[in-house]
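Working notes, beginning with the structure itself.
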Amino acid sequence: MHRFLVLFCFYFFISCSSQKQSDLILTDVSIVDIENGEIILNQLVAISGDKILATDDASNLGNYHSERIIGLDGKFVMPGLWDNHIHFRGGEELVESNKNLLPLLLAFGITTVRDGGGDITPAIHEWNDQIQKSKLDGPRIFTPGPKLDGSRPAWEGSISVSTKEEALRALDSLESINADFVKIYDGNLTKEAFYQIIEEAGSRGLKTTGHMPLSADLMEAVKLGLDGTEHLYYALKETSSIADSLTEAGAGYGMVTPLMNTYDHDLALESYQKLGETGFYVTPTLHVGKTLAELLITDHSEDSLLNYISPKIIETYQRRLNSAKRGGDSYTQTRSLWVTSFSNMVKPMYDSGINILAGSDSGPFNSFTYPGLSLHKELELLVNAGLTPQEALITSVINGPKFFGLENQYGSIEPYKMADLLILEQNPLEDITNTSSIYNVVADGKWYSENALNDLMNSIKNN
Ligand SMILES: [Zn+2]
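As structure tokens, then:
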């Protein structure tokens, strides 16, 4: 009897007390180590709350306990995707339509987005809050709040900045809403106001990115502390010897084609290296550029994703469509040249140490650039531009968090990192299009089965 009790206690100890308790265990998985470009076979991932508790050899499953253990038959587990440039906007009228983009993003494996700023900030804060509390299905959202622009802002909801006092007040107001970063826009922002915003934001420890007035000098802005730029127009200014004269002539965006036609490889490389040394970030947004270039020659009427985008958002697509129609053939020709020229900039920028960010620019107004799918398309175009699949993945899941100094919390399947996972049928390091072979998603520790992902899509389908 005594001996039996000892044995009982011994087995109890092995089977219960020493087992690591977790809420969810994914086992028999292949972990995609994006940083090192390797696949680690036969693993398990134990999740507790919203964090990864442990990764281990699947043969050690007995050391773990969970009410929910899911065998995944060798499927690939990578960190959830980051879309580093997206838009929620369009005013009160479009709040619900924007909210419906959240399940769509999640269904495409996107567990974090960086919003480009807009006019529905309070709604975004509320969604983020509900998402954290598992009351709403969607990616976590980093948002700058309103954009900062000049006296006549290009977009609704922006804060006008013309003087130093206005720059200070604008940043006070962003700080009061805990903005995650500062998004700058160039409706008619002066270069002086632009520099003031950057300098002041830097001294407050706020990250800055966005558009740049083309009257300004990128290297000067970087010296003042600019952290990044969205789109490739601004880095393009550093690639041609006629940039200064075009700037002095006030050419604005009229300088884009001439700059491309006088692209100087040596000068470009020298500039990229200088930017790379400062840890600069650039979001190329290639897919939206290509989609716009092809607006007049692509028939989108049968796009299946139109069924999942609210009619109110589809209406906003008309604006860019109309401007393309006004431009006609020359719009298409000019934009096609831009597609090629911008694509050619990406690989040398990456190799020079610039932190490239994958961002789709999807959202209202950016015609037929569908939230979710468009980030996968962006990754494909980054690979077409010369990046390896591993490098393209780095621009999404590693550089995204790095911009915010959060690399300790995201970017790999390791203990203590956030439990945001994308589970794929196929290896994304072999072929970037495999990011679309989505099987399951884990967002903030919550598991979405194939059925759950289908339910997310059905929940937003138009009648
Ligand atoms: Zn944008």
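Numbered by this note's numbering, the letters in the sequence shown go through residues 855 to 1317 in order.
Glycine included, C-beta positions come from ideal geometry on N, C-alpha and C.
The structure presented is a predicted model; accordingly, all values stated were derived computationally and were not measured.
Tell me whether P1000 is buried or exposed, calling it buried when 16 or more other Cβ atoms sit within 10 Å of its Cβ. buried
With respect to 8 Å, is the separation between the Cβ of T997 and the closest non-hydrogen atom of ligand 1 below this value? no
Using only the alpha-carbon positions, how far apart do L847 and L1140 sit? The displayed coordinates of the chain run from 855 to 1317. Any statement about residue 847 would go beyond what the structure contains.
By Cβ distance below 7 Å, which residues in the same chain neighbour I1314 in space, the five residues on each side in sequence not counted? N954, P957, L958 and Y1162
From N914, D887, I888 and L880, residue whose alpha carbon lies closest to that of K900: Just to set this straight, residue 900 is Ala in the shown sequence, not Lys. That would be L880, whose Cα lies nearest to the Cα of A900.
With distances taken Cα to Cα, identify the nearest neighbour of K1201 among A1070, P1243 and Y1171. Residue P1243 is the option with its Cα nearest to K1201.
Distance between beta carbons of A1047 and S1016, contact taken as under 8 Å: 6 Å
Which same chain residues, not among the five before or five after Q875, have their C-beta less than 6 Å away from its C-beta? H919
For E1084, the nearest candidate out of L1072, N1317, N917 and L1283 (CA to CA): L1072
Per DSSP, P933 forms a beta bridge with which residues? L1275
Whole-angstrom distance between F1222 and T1170, CA atom to CA atom: 10 Å
Would L1278 and V967 be called neighbours here (beta carbons separated by less than 9 Å)? no
Own chain, CB closer than 7 Å to E1010, minus 5 neighbours either side, in chain order: G945 and D973
Compare the Cα-Cα distances from I888 to each of P1225, D1157, V1251 and Y1117 and report the closest residue. The shortest C-alpha separation from I888 is found at V1251.
Find the nearest neighbour of D1034 within the set A1008, N938 and S1177, judged by alpha-carbon distance. N938
Just to confirm before moving on: does the CB-CB distance between S988 and K1300 stay below 9 Å? yes
Stretch pair the segment 1232 to 1241 + the segment 979 to 988: three plus CB contacts closer than 8 Å: no
DSSP beta-bridge partners of E892: Paired residues: D887.
Tell whether a beta-carbon distance below 9 Å holds between L1129 and L1149. no
With a threshold of 8 Å (Cβ to nearest heavy atom), would H939 be considered close to ligand 1? yes
Excluding five sequence neighbours on each side, which residues of the same chain lie with their C-beta closer than 8 Å to the C-beta of F866? Here F866 scores only 46 on pLDDT, less than 50, and its place in the model should not be relied on; the value that follows carries that caveat. Cβ within range, chain order: n/a, list empty.
Where the beta carbon is closer than 5 Å to any heavy atom of ligand 1, which residues qualify, in chain order? Cβ-based neighbours of ligand 1 within the cut-off: G970 and D1215.
Around the C-beta of R1058, are 16 or more other C-beta atoms found within 10 angstroms, so that it is buried, or is it exposed? Exposed is the call here.
Minimum C-alpha distance to G1106 - residue among L948, H1065, G1181 and R1173: H1065
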